[in-house]
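Read through the structure below, which is laid out as structure tokens, and then see the notes.
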Amino acid sequence: MSINLAAQVNSIMAALILLTSFGLLVQRRMYGLLHLFAWQGLFLSISTAIVGYVSGSHHLYISSILTLALKVILIPYILHFLMKQLHIHKEVEQLVNVPTIMLIGIALVIFSYYLTAPIRELSTLVTRSTLAVALATVMLGLLMMITRRHAVTQIIGFLALENGLFFAATSATYGMPLVVELGVALDILIAAFIFGIFFFQIRTTFDSLDVEQMTKLKEED
Amino acid sequence: MTLSPFVLVSLSILIIAFTIALVPLFARHQKMLIYVSFPLMSIASAIAVVAGIWSVAIDTPESVTLSIGLPDLPFHLRLDPLSGFFLTVIGLLSFFVSIYSTGYCKGYAGKRSVTHLVIFYSLFIAGMFLVVLSDDAFFFLISWELMAIASYFLVMFEDELIENRRAAFLYLVVAHVGAIAILLSFGVLAGATGHEGFSGYTFDAMRQAEFPLKWATVAFLLSFFGFSAKAGVIPLHVWLPEAHPAAPSNVSALMSGVMLKTAIYGIIRVTFDLIRVFPLWWGAMVLILGLITAIMGILYAIMQNDIKRMLAYSSVENIGVILIGIGLAIIFTSFHIPVLAALSLTAVFYHSINHAMFKGLLFMGAGALLHATHKKNMDEMGGLIHYMPWTSTLFLIGSISISALPPFNGFISEWLLFQAFLLSPSLNSPLLNLLIPMGAALLALTAALVAACFVKAFGITFLGHWRGHHHPPLQKMGLEVNWPMRIGMILPALMCLILGILPAMVIEWMDKISDELVGGKIATTAGAFGWLWLTPVAHERASYSGAIVFLWIIVVVMLVYILLHIRKTAIHRVPLWDCGFEKITPRMQYNAASFSMPIRRIFGFLFNIREQVRLSTSTISPSFPNRLYYRLRIRDRFWGWIYRPISESSYWISRKFGRLQQGYIHVYLIYSFITIIILLIFAR
Amino acid sequence: MIELYPFIIEAIQIVIVLLFAPLFVGWVRMLKCWFQGRTSAGLFQPYRGILKLFHKDVILAENASWLFRFTPYLVFGVTVLAGGIIPIISLNLPFATVADVIAIVALFAIVRFFTALAGMDIGTAFGGMGSSREMMIGSLAEPAMLMAIFTVSLISQTTSLSNMADVVIHKEFILRPSMAFALLAFVLISLAETGRIPVDNPATHLELTMIHEAMILEYSGRHLALIEWAGMIKLFLFTTIGIASFFPWGISTSVNLINISAGIIFLILKMGFLGIGLILIETGLAKMRIFRVPEFLGSAFLLSTLGMLSYFILE
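Residue numbers (our numbering), protein chains in the order written: chain A, 1 to 221; chain B, 222 to 905; chain C, 906 to 1220.
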């Protein structure tokens, strides 16, 4: 497979990652969100594998398999299990309506493109153009955390943000050292477990997972 | 004296003066007044049109300095291609409207004196001609004021209604705020030329001067603000939907069709002719304002029930489109791409003349409706296509043209503007490459909403059944308007078709203007493929032939009709299908509010909308309502955000200052005393 | 004689458009029946329907105006004109320079404008409802359509459909995310403009769910035949616009007879596959509530904007 074809496939993976980020923003159904997150992880692992092939650094193959195992299989399974246990409703509400969120998302993509323009001039890597997509994914993940009310969706937003950071690492520097990546992956796994415990605690205290309920913790004057 | 365009224009203005002079002679005989003055005005306008076309064709500016004027600054006049073009636009619509007025004003005979109407109408048109001819700041402002005051009195023509008086007052206030801004901007420009005394106020002096960027920016912002107030750009648009419906319909046609264009002339003159060097962000600002104006204008228009208000808001939208073109031209000029700037400016000029034609036609149609039915509300009309065949067909042509549908003229200017947008990736700035196409998408949304608005307007007013509360006062005869009004409407409709079919010729004629202003020409490529085709940049890039579309449609329609009528076929007329519900009434049709409901639901967050429904159920059963009360109130948010705070704060300031007026004579004497002491200190 | 070849090809193309459009609709209906486990009425049923309507008398409401009677002819004429411009079997059409893709969209806008007016002419509530909804959908589909066109024209540097197809045929094949997004957006927009599920059900008989059908409810006889035929041609043409923009390989680039015949065969194959794709979408989705359609068209706009952004960012 030539470098040129690899670069094209990488671009397509980047485009698909961007598409799934937007999909996470606007999707209403809980299981749909999980599936989109799994797809995003899949595209990310394929992209990592391609970058590993192009750059010749073989530890990226290991990262790719790790991403596949963790983000496509393990974490969605954990979240699925949690949702079953917590008897979560099938649909979630948004704080702001869908078209406005889409427009803000587009604005963020344009903004991240504008920000990464100097890096694009200087970088010599094959993946320099995907850095804008990575930055946009981070920001869209953050936007998702802001505009959602349900605790589980906020976690998914956080994980999507982490996806974006990982993608940025592979785009900018052909990946982080393997030790760092193993550490980050372990942290994410532990975070997923801890979130699970917290969900049960929140649910027992407030009888719902709507994060607006947490305003009751505020002290009244 | 050799014949030249300038001589023709002077002849035209002399005829107008002559018309005004004749008015006292005919003041007693109102009908004779109408029959003499309006045809004279149409002759004057026609001469002006010839002068304008000629002036653009020969491409040489002519200047004259009159001996009257201020002591140090006599009045300068100049007829160059830019003035000639706008002279053509103004003259053409004035010609059509003057013919129309001959019939329209007969409706006032016996009820009201039209002497004032004739005088101020003539002064209004003369003012507009003089505005485009002025070559120095003072004469410009004098003509501007003449135009504004004359139109104020025209808006106030039916002054027994309080809403007309209020509308006229609002118009006057906004026009004068704008005029002050324009005056200040000319002052800044004159000061920056470095000339002594008043000689810096001539446009020639300003053309030669090089302006430092800071002062040029101040002057541009002031003049843009001032001209926007006259053009009706958001948020200075509030006077338009009040003033245009209040005026008589022939005047509204002129105000909407050509008075707004004088403001566009002003913007182009100041930006491209006087301040010739400008940074990118001016263009971005104009573009964004144009987009906002276009979208908000058409959304307001869709919400209206009153035809003339809707047409007024639609003028706001079209001014927005023109500003979009000007913004693009400024952006391309600041990037030194003259060809694309010329393309954008050509779109601006084409849209100016298009809008004059179809908006004039639509307002004249609204006037015909008012003349015939004495109603302005669309919701009370319907089915008029059977009783007013000429008016309905001509209004249909106006609606098709304004919705930018081939083969009429509206499509040409929108198409040129889209081509300019789609060529923006050739700019070097990556950020602009991304943002300008989003503007194109907004323009597409606007164009589609215009079509929706005019389907509603034409459909509710002319199609279906009569929706009025009372028994329809319709007879088969007697509702269609008289011949002068019909001719006044047929001519702009023909122009709409001609401008749509022969764009390459029109562009070749007006190309010299953009050459002079930005240094680019498109006519060499525009007509390169043949006179039937319009190929603005290159024919591989994009091409369009309005003439072939028009001919094809005629040929196919006739062919299919003939093929289907070879055998004798029957048409049966039956009552309309009522789905089994026998008591179908005209009230069950869609009316204006219901037609625009889906769009109101989607875009309603931009407005202040309140809907109220109350049912009173009958005694038989709660499921069968007796009576339904529905109330819809839509308000412009700009009143609350901008105008009410300004008016309330000005009241507050006035009240505070009012404390100075104590009423005691001692206090006034103390004021004088303090003033004398302060002056003595300073004079030392 | 050789100078007349383009005109002969043009005539052939128009005949193909007129004859194949009902065939395509028949194929689509047949597939739908198969997917739903019913027996179909046959591939040629649309032809029988149109011919039957041409033979019937026209029944007009008492207050139908000249606009109502003129609209079917105009709609048919404009649709056939669009059929003569789009490169369906050949790129060398003499009419190709009459309109670029923006003008073709405007031609379809004429059709929508007059059909909406005809819907309001009779003065029943059904017509008004159809017109009002149709204008709303049309106004939201336009920005998305323009962005999709813009994205495609970025690559080929032209807005003329024949030249776009030419550039894509002759350039080397690169996988482009921008084209993929533009294609997805174009599919969504075509579903909205041609009135298929999930936007509008073309086979419904319930007035409250109709959009296009409600506008033409009062038509009968030869008028209805012309309008139905024009509707079929419109579906056919939207598919061919998609083919010309995204999969133009197979459209003949020269005027010799072998290439033209090959072009026709490729056309039939592609339309066959696209018919299957259309029915998969139609049977898989349900018709949306009318006020979810803005979200649908908003996602189409989002996709086309992402396509444009991908062009600048990734290519």
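Backbone N, C-alpha and C define an ideal beta-carbon position, used for all residues, glycine too.
Computed from a predicted model, the values in this text were never measured in an experiment.
1. Taking 7 angstroms as the cut-off, decide whether the C-beta atoms of Asp1105(C) and Ile1116(C) are in contact.
2. Less than 7 angstroms between C-beta atoms, sequence neighbours within five positions excluded: which residues of the same chain meet that for Thr746(B)?
3. For Pro651(B), which residues in chain A fall below 8 angstroms Cβ to Cβ?
4. Contact defined as beta carbons within less than 8 angstroms: I believe Leu564(B) pairs with Ile769(B). What is the distance between those atoms, to the nearest angstrom?
5. Looking only at DSSP bridge pairs, what is Thr1002(C) linked to?
6. What do you get for Leu900(B), buried or exposed, if any count of 16 or more other CB atoms within 10 angstroms of its CB means buried?
7. Nearest-angstrom Cα distance between Leu33(A) and Val72(A)?
8. Taking all protein chains shown into account, decide if Trp636(B) is buried (16 or more other Cβ within 10 angstroms of its Cβ) or exposed.
9. Any C-beta of chain A sitting closer than 7 angstroms to the C-beta of Pro1048(C)?
10. Could you name the residues of the same chain whose beta carbon sits closer than 8 angstroms to that of Leu165(A), not counting the 5 residues immediately before and after it, in chain order?
11. If you reduce the DSSP assignment to three classes, tell me which class Arg333(B) lands in.
12. Mind pulling the chain B residues with CB within less than 8 angstroms of Pro1199(C)?
13. Taking Cβ-Cβ distances shorter than 9 angstroms, what residues in chain C pair up with Ser208(A)?
14. Within the same chain, show all residues whose beta-carbon is closer than 8 angstroms to that of Val560(B), passing over the 5 residues directly before and after it, in chain order.
15. At a cut of 8 angstroms, does the stretch 588-605 of chain B reach the stretch 522-537 of chain B through at least three beta carbon pairs?
16. Does the beta carbon of Ile110(A) come closer than 7 angstroms to any beta carbon on chain B?
17. Could you check which residue in Ile234(B), Leu298(B), Val409(B) and Ala467(B) has the C-alpha nearest to that of Leu382(B)?
18. With 16 other CB atoms within 10 Å as the buried threshold, where does Phe441(B) fall?
19. Between the beta-carbon of Thr1064(C) and the beta-carbon of Ala505(B), is there less than 7 angstroms?
20. Reducing DSSP to helix, strand and coil, say where Glu832(B) ends up.
21. Please report the straight-line C-alpha distance between Val980(C) and Ile774(B), rounded to a whole angstrom.
22. In angstroms with no decimal places, state the Cα-to-Cα distance between Ser11(A) and Thr48(A).
23. So, does the CB of Thr1210(C) fall closer than 7 angstroms to a CB anywhere in chain A?
24. Between the Cα of Leu495(B) and the Cα atoms of Ser650(B), Val244(B), Glu431(B) and Ser449(B), which residue gives the shortest distance?
25. If we ignore side chains and look at the alpha-carbon of each, how far apart do Ala969(C) and Phe1013(C) end up?
26. Since Ala590(B) and Thr612(B) are thought to touch, with beta carbons under 8 angstroms apart, how far apart are those beta carbons, to the nearest angstrom?
27. With a threshold of 7 angstroms between beta carbons, is Ala101(A) in contact with chain C?
28. Under 9 angstroms, CB to CB, which of the residues in the stretch 652-664 of chain B have a partner in chain A?
29. Might you give, ordered along the chain, the residues of its own chain that have their beta carbon closer than 7 angstroms to the beta carbon of Ile711(B), omitting 5 neighbours on each side?
30. Check each residue of the stretch 1052-1063 of chain C: if its Cβ is closer than 8 angstroms to any Cβ of chain B, include it; give the result in chain order.
31. Cutting at 7 angstroms between CB atoms, please list the residues of its own chain near Gly631(B), excluding the five before and the five after it.
32. Please state whether the Cβ-Cβ distance between Phe816(B) and Ser1037(C) is less than 7 angstroms.
33. Distance check for Ile1079(C) and Ser477(B), CA to CA, integer angstroms please.
34. Helix, strand or coil: which one does DSSP assign to Ile1102(C)?
35. Cα-Cα, which of Thr1029(C), Tyr1124(C), Lys1192(C) and Ile1015(C) is closest to Gly1100(C)?
36. Excluding the five sequence neighbours on either side, which residues of its own chain have a C-beta within less than 8 angstroms of the C-beta of Ala668(B), listed in chain order?
Answer, in terms of the structure:
1. By one-based count along the third sequence, residue 1105(C) stands at place 200. By one-based count along the third sequence, residue 1116(C) stands at place 211. In contact: Asp1105(C) and Ile1116(C) (Cβ atoms closer than 7 angstroms).
2. The residue given as residue 746(B) occupies position 525 in the second sequence. The residues are Thr756, Pro757, Val758 and Ala759.
3. If you number the second sequence from 1, residue 651(B) lands on position 430. Correct list: Tyr113, Tyr114 and Ala117.
4. Numbered from its first residue, the second sequence carries residue 564(B) at position 343. Numbered from its first residue, the second sequence carries residue 769(B) at position 548. With a Cβ gap of about 22 angstroms, Leu564(B) and Ile769(B) do not count as contacting.
5. For this step, residue 1002(C) is matched to residue 97 along the third sequence. DSSP output for Thr1002(C) lists no bridge partner at all.
6. Residue mapping note: residue 900(B) aligns to position 679 of the second sequence, counting from 1. Flag for Leu900(B) reads exposed.
7. Within the first sequence, numbered from 1, the residue matching residue 33(A) stands at position 33. Within the first sequence, numbered from 1, the residue matching residue 72(A) stands at position 72. Going from the Cα of Leu33(A) to the Cα of Val72(A) covers about 13 angstroms.
8. Numbered from 1 along the second sequence, position 415 holds the residue referred to as residue 636(B). Classification of Trp636(B): buried, given that the 10 Å Cβ count is 16 or more.
9. Position 143 of the third sequence, counted from the start, is the residue given in the question as residue 1048(C). With 7 angstroms as the cut-off, Pro1048(C) does not count as an interface residue toward chain A.
10. Position 165 of the first sequence, counted from the start, is the residue given in the question as residue 165(A). Ala134 and Val138.
11. Position 112 of the second sequence, counted from the first residue, corresponds to residue 333(B). Coil at Arg333(B), not helix or strand.
12. For the purposes of this step, residue 1199(C) is taken as residue 294 along the third sequence, with counting starting at 1. Per Cβ cutoff of 8 angstroms: Ile823.
13. Here residue 208(A) corresponds to residue number 208 of the first sequence, with the count starting at 1. Going along chain C, no residue has its Cβ under 9 angstroms from Ser208(A), so there is no contact; the nearest lies around 27 angstroms.
14. Counting from 1 along the second sequence, the entry for residue 560(B) is found at position 339. The residues are Gly741, Lys742, Ile743 and Val758.
15. yes
16. As a working note, residue 110(A) is residue 110 in the first sequence. Yes, Ile110(A) lies at the interface with chain B (some Cβ there is under 7 angstroms from its Cβ).
17. If you number the second sequence from 1, residue 382(B) lands on position 161. Cα-wise, what sits closest to Leu382(B) is Ala467(B).
18. Within the second sequence, numbered from 1, the residue matching residue 441(B) stands at position 220. Classification of Phe441(B): buried, given that the 10 Å Cβ count is 16 or more.
19. Position 159 of the third sequence, counted from the start, is the residue given in the question as residue 1064(C). Position 284 of the second sequence, counted from the start, is the residue given in the question as residue 505(B). No, the Cβ-Cβ distance between Thr1064(C) and Ala505(B) is not below 7 angstroms.
20. The residue given as residue 832(B) occupies position 611 in the second sequence. Correct three-state label for Glu832(B): strand.
21. In the third sequence, counting from the first residue as 1, residue 980(C) sits at position 75. In the second sequence, counting from the first residue as 1, residue 774(B) sits at position 553. Val980(C) and Ile774(B): Cα-Cα distance of roughly 9 angstroms.
22. Reading the first sequence from its first residue, position 11 is the one you call residue 11(A). Reading the first sequence from its first residue, position 48 is the one you call residue 48(A). Each residue's alpha carbon lies about 12 angstroms from the other.
23. Counting from one through the third sequence, the residue named residue 1210(C) turns up at place 305. So yes, Thr1210(C) belongs to the interface.
24. Looking up residue 495(B) in the second sequence gives position 274. With distances taken between Cα atoms, Leu495(B) lies closest to Glu431(B).
25. The residue given as residue 969(C) occupies position 64 in the third sequence. The residue given as residue 1013(C) occupies position 108 in the third sequence. Each residue's alpha carbon lies about 24 angstroms from the other.
26. Your numbering for residue 590(B) matches position 369 in the second sequence. Your numbering for residue 612(B) matches position 391 in the second sequence. The sequence shown places Leu at residue 590(B), rather than the Ala named in the question. Contact flag correct, Cβ pair sits at about 7 angstroms.
27. Along the first sequence, one-based indexing puts residue 101(A) at 101. As written in the sequence, residue 101(A) is Ile, which differs from the Ala given in the question. With 7 angstroms as the cut-off, Ile101(A) does not count as an interface residue toward chain C.
28. Leu652, Leu655, Leu656 and Met659
29. By 1-based counting over the second sequence, the position of residue 711(B) is 490. The answer, listed in chain order, is Leu615.
30. Met1052, Phe1055, Ser1058, Leu1059, Gln1062 and Thr1063
31. Within the second sequence, the letter at position 410 stands for residue 631(B). Taken in chain order, the residues that qualify are Asn575, Phe579, Ser622, Ile623, Ser624 and Ala625.
32. Taking the second sequence and counting its residues from 1, the one referred to as residue 816(B) is at position 595. Taking the third sequence and counting its residues from 1, the one referred to as residue 1037(C) is at position 132. Against a cut-off of 7 angstroms, the Cβ pair of Ser1037(C) and Phe816(B) comes out as a contact.
33. As a working mapping, residue 477(B) is identified with position 256 in the second sequence. As a working mapping, residue 1079(C) is identified with position 174 in the third sequence. Computed Cα separation, rounded: 52 angstroms.
34. Within the third sequence, residue 1102(C) is the residue found at index 197, counting from 1. Looking at Ile1102(C) - three-state DSSP - the assignment turns out to be coil, as it is neither helix nor strand.
35. Within the third sequence, the letter at position 195 stands for residue 1100(C). Of the listed residues, the one whose Cα sits closest to Gly1100(C) is Lys1192(C).
36. Numbered from 1 along the second sequence, position 447 holds the residue referred to as residue 668(B). So the list reads Ser624, Ala625 and Glu635, once near-sequence residues are dropped.
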